[in-house]
Structures are given as C-alpha cells and as structure tokens.
Amino acid sequence: GIVIGHEGVGRVVEVGPDVADLVAGDRVVIAPRLTCGGCTYCRRGLDNQCVNYKTIGTTVDGAFAPYLVAPARALFKIDPTLSTADAALFEPLSCVVGSVKRAPFQAGDNVAIIGGGPMGLLFALVYRAMGAGQILIVDLADYRLEFAREMGLDAALDPRAVDVPAAVRELTGIGADIVVDAVGNQVDAAVKLVRRGGHVILFGLRPESNPTMSQYAVTRYDLTLHGTFVGLLPFVQTIKLLESRRVQPSVLVTHRLPLGELSRGVELMRSQQAMKVLIDM
1 GIVIGHEGVG RVVEVGPDVA DLVAGDRVVI APRLTCGGCT YCRRGLDNQC VNYKTIGTTV
61 DGAFAPYLVA PARALFKIDP TLSTADAALF EPLSCVVGSV KRAPFQAGDN VAIIGGGPMG
121 LLFALVYRAM GAGQILIVDL ADYRLEFARE MGLDAALDPR AVDVPAAVRE LTGIGADIVV
181 DAVGNQVDAA VKLVRRGGHV ILFGLRPESN PTMSQYAVTR YDLTLHGTFV GLLPFVQTIK
241 LLESRRVQPS VLVTHRLPLG ELSRGVELMR SQQAMKVLID M
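With the working numbering, letter number 259 in the sequence shown gets 259, and the count goes up by one each step, no holes.
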C-alpha cells in the first residue's frame, strides 16, 4: 500500500548526485504535487491541470514514516527558526494562498467562508492578514463554530439557528464581497451570501456531489465564480508569508501525537474533536 501524508516538515539527511540546491541538514517542507512538465497543460503554465499528475502521500509514498524519499523539486527550504507546527501546515496554506489570488480583493472587503474546518479557518487567517473587514464563518458543527469565535472572527453562523443570508446582509449591509465554499457542495448557498457584483471562490472538492444553483442569480447579479485547484505557483509566496510570521497557522493545531498514535489522530479529526493534529516522528 501507499504510505500517506502529504503535509510535512523535516531535515535533509542525504541528497542524490545531481541535486544542487539542497544539502544535508537543510530544513525543508513538502510540496507534494508532482507534475510532468511536458504535457499540454504544463507547457501552457497550467501545471495544476497536469494529466500525468502524482501526489506524495496519495499516489506515491508520503510523510507518515521516519524517512521520505522525494524528488528535490518537491522540497523547499524554510527558515530553521520557524516553528514545526507552522511549517507543517505549509501545503494547505499554499492552497489557500493560491486561491485568494483568484478573486479581486481590497482591504476592508467583507468575506464569508462556508466551512469552519482547517481549510476554512486558513482562509480566515489569510484574509485577516490581508486586511479584510468582517470575516464570517458558516458551519454546522458546534466545535468548529466555537473555535472560530475563540479565534476572534466577527461571526460564526449556524444555519440551524439563524437565517444565514439574512444575517450576512445585516452584518455587511449588502452581502459579502467574497464568499468561499471550503466544503465543496455549497455553491447555491454561496451565491445567496455574496453581494451583487461579488466573487465566489469554489475551493472544496466533493466529486460525488452535484449541487444545483441559480444560474439566473449569477447572470442577473453579475457574479463571478472561481474554480480553484491550486498548482505550483504559490509555494514560494507561501514560504515568504510563513517566514514573515504574518500568518501563523499553528493556531489550528490542537493535538500533537507520536507516529504510533496516528490512527488516534485520524479518529480525532473524523469525529471533529480536533482541528489539526500534528504527528511527531
């Protein structure tokens, strides 16, 4: 089977004879997306659509092991003084950094995020660092809603308790400037939360879902929908963001466990008793 684990940080212990940019002792993070560089999409700069795409931890062995053999191009050097917990979240943070660049943003814009799990809260951290106005989280899980409140976000809305579109309009005046669907099947809800002329970022992936939405609303209210499946471009920018300490994703780490308790960590995540679990080797 495949060793899982596509998020991680470690130190180089040995390099191959043709590796020029890394040496033993370098502290590195994993950029797990391995593209071919030669297909039509790679040649057009659309590496995120590579037809020969592989992923460390999904299709090739990953980081939940004492050692990992990886192509040099999948490893990026990072500040040795950056905390392990911050560095370990490089990969999911890079996905968010790439996605937020797709929708025009100005400081003071109001942002609604559907999904208060780790990815949704990473969006909140990035938008807060960018100078967003109000940041609103929508979720059904009490644990996640309370976590968002403890982070100091402006509102944590439960659709079971409030009329979310009405609440967003009341809080923002006209609706959110940007809405993020971090779940993967909430496009219809997102369209109802965004202001006229606003932008919706479709981030979550649910291949089994086929949600409906109002095409009339998209056309009549001049909405822009952005599908975002992120490739290689945000990696360097994400490292700079982490090293600046302007975004510290370690606030999402609720548990640190040894490798031998990996299965417990997975269960904590599945049962929504944890936000992000860090596994120490």
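Glycine is no exception: its CB is placed at the ideal position from the N, C-alpha and C atoms. The model shown is predicted, which means the values in this text are computed figures rather than measured ones.
**OP:** Taking 8 Å as the cut-off, decide whether the C-beta atoms of Gly115 and Val230 are in contact.
**Re:** Numbered from 1 along the sequence shown, position 115 holds the residue referred to as residue 115. Numbered from 1 along the sequence shown, position 230 holds the residue referred to as residue 230. Not a contact, by the Cβ cut-off of 8 Å.
Original post:
Run through DSSP, which three-state label would Val183 get?
Top reply: Position 183 of the sequence shown holds residue 183. Three-state DSSP puts Val183 in coil, outside helix and strand.
Subject >> CB contact flag (Asp47, Thr35, <8 Å) >> reply: Working through the sequence shown from its first residue, we reach residue 47 at position 47. Working through the sequence shown from its first residue, we reach residue 35 at position 35. It is a contact, given that the beta carbons lie within the stated cut-off.
Original post:
What separation, rounded to the nearest whole angstrom, lies between the Cα atoms of Lys192 and Leu121?
Top reply: Locating residue 192 in the sequence shown gives position 192, where the first residue counts as 1. Locating residue 121 in the sequence shown gives position 121, where the first residue counts as 1. Computed Cα separation, rounded: 21 Å.
Subject >> Start and end residues, beta strand (DSSP E) containing Thr254 >> reply: For the purposes of this step, residue 254 is identified with residue 254 of the sequence shown, where counting begins at 1. Residues Val253 to Pro258.
Original post:
Are the Cβ atoms of Leu145 and Asp154 separated by less than 8 Å?
Top reply: For the purposes of this step, residue 145 is taken as the residue at position 145 of the sequence shown. For the purposes of this step, residue 154 is taken as the residue at position 154 of the sequence shown. For Leu145 and Asp154, no; Cβs fall outside 8 Å.
Subject >> Host beta strand (DSSP E) of Phe229 (start-end) >> reply: In the sequence shown, counting from the first residue as 1, residue 229 sits at position 229. From DSSP, Phe229 is part of no beta strand (DSSP E); its letter is neither H nor E.
Original post:
What residues in its chain sit with their C-beta under 8 Å from that of Val251, if we drop five residues either side in the sequence?
Top reply: Here residue 251 refers to the residue found at position 251 when the sequence shown is read from its first residue. Closer than 8 Å at Cβ, skipping near neighbours: Leu125 and Met151.
Original post:
Roughly how many whole angstroms lie between the Cα atoms of Val218 and Arg196?
Top reply: Taking the first residue of the sequence shown as position 1, residue 218 is located at position 218. Taking the first residue of the sequence shown as position 1, residue 196 is located at position 196. Taking the straight line joining both Cα atoms gives about 9 Å.
**OP:** Figure out for me which residue from Leu232, Arg245 and Asp79 has the closest Cα to the Cα of Val42.
**Re:** Here the question's residue 42 lines up with position 42 in the sequence shown. One point to set straight first is that residue 42 is Cys, not Val, in the sequence displayed. Nearest C-alpha to Cys42: Leu232.
Original post:
Is it the case that the Cβ atoms of Phe147 and Ile279 are separated by a distance below 8 Å?
Top reply: In the sequence shown, counting from the first residue as 1, residue 147 sits at position 147. In the sequence shown, counting from the first residue as 1, residue 279 sits at position 279. Going by C-beta atoms, Phe147 is not nearer than 8 Å to Ile279.
Original post:
Do the CB positions of Ile137 and Ala156 come within less than 8 Å of each other?
Top reply: Position 137 of the sequence shown, counted from the first residue, corresponds to residue 137. Position 156 of the sequence shown, counted from the first residue, corresponds to residue 156. Closer than 8 Å, so yes.
Original post:
Lys77 bridges to which residues according to DSSP?
Top reply: Your numbering for residue 77 matches position 77 in the sequence shown. Lys77 is bridged to Val28.
**OP:** Look at the alpha carbon of Val213 and the alpha carbon of His199, and state the distance between them as a whole number of angstroms.
**Re:** By 1-based counting over the sequence shown, the position of residue 213 is 213. By 1-based counting over the sequence shown, the position of residue 199 is 199. It should be noted that the sequence gives Met, not Val, for residue 213. Rounded to whole angstroms, Met213 to His199 spans 15 Å at the Cα level.
Original post:
Cα separation between Arg256 and Val277?
Top reply: Position 256 of the sequence shown, counted from the start, is the residue given in the question as residue 256. Position 277 of the sequence shown, counted from the start, is the residue given in the question as residue 277. Going by the C-alpha atoms only, they are around 6 Å apart.
Original post:
According to DSSP, which residues form a beta bridge with Val277?
Top reply: Here the question's residue 277 lines up with position 277 in the sequence shown. Bridge partners of Val277: His255.
Original post:
When you compare only the Cα positions, how much space is there between Gly265 and Gly175?
Top reply: Position 265 of the sequence shown, counting from 1, holds the residue named residue 265. Position 175 of the sequence shown, counting from 1, holds the residue named residue 175. So the two alpha carbons sit approximately 38 Å from each other.
**OP:** List the endpoints of the continuous alpha helix (DSSP H) containing Leu93.
**Re:** Position 93 of the sequence shown, counted from the first residue, corresponds to residue 93. Per DSSP, Leu93 belongs to the alpha helix (DSSP H) from Phe90 to Val100.
Subject >> Candidates Arg102, Asp181 and Asp222, of which the one nearest Leu202 by Cα >> reply: Here residue 202 refers to the residue found at position 202 of the sequence shown. Residue Asp181 is the option with its Cα nearest to Leu202.
Original post:
From Val60 to Leu242, what does the alpha carbon distance come to, in whole angstroms?
Top reply: As a working note, residue 60 is residue 60 in the sequence shown. As a working note, residue 242 is residue 242 in the sequence shown. Roughly 27 Å separates the two Cα atoms.
Original post:
Between the C-alpha atoms of Lys240 and His6, what's the straight-line distance to the nearest angstrom?
Top reply: In the sequence shown, counting from the first residue as 1, residue 240 sits at position 240. In the sequence shown, counting from the first residue as 1, residue 6 sits at position 6. Each residue's Cα considered, the two are about 20 Å apart.
Subject >> Whole-angstrom distance between Phe105 and Gln215, CA atom to CA atom >> reply: Position 215 of the sequence shown, counted from the start, is the residue given in the question as residue 215. Position 105 of the sequence shown, counted from the start, is the residue given in the question as residue 105. Looking at the two C-alpha atoms, the distance is approximately 24 Å.
Subject >> Residues of its chain near Ala24, where Cβ-Cβ distance is below 7 Å and the 5 sequence neighbours each way are ignored >> reply: Position 24 of the sequence shown, counted from the first residue, corresponds to residue 24. Same-chain partners within the cutoff: Val12, Val13, Glu14 and Val15.
**OP:** To the nearest angstrom, report how far apart Thr293 and Ala132 are at their CA atoms.
**Re:** One cannot answer for residue 293 here, as it falls past the ends of the chain, which runs 1 to 281.
**OP:** Could you name each continuous alpha helix (DSSP H) segment of 4 residues or more that falls completely within the stretch 36-63, going from the start of the chain to the end?
**Re:** 40-43
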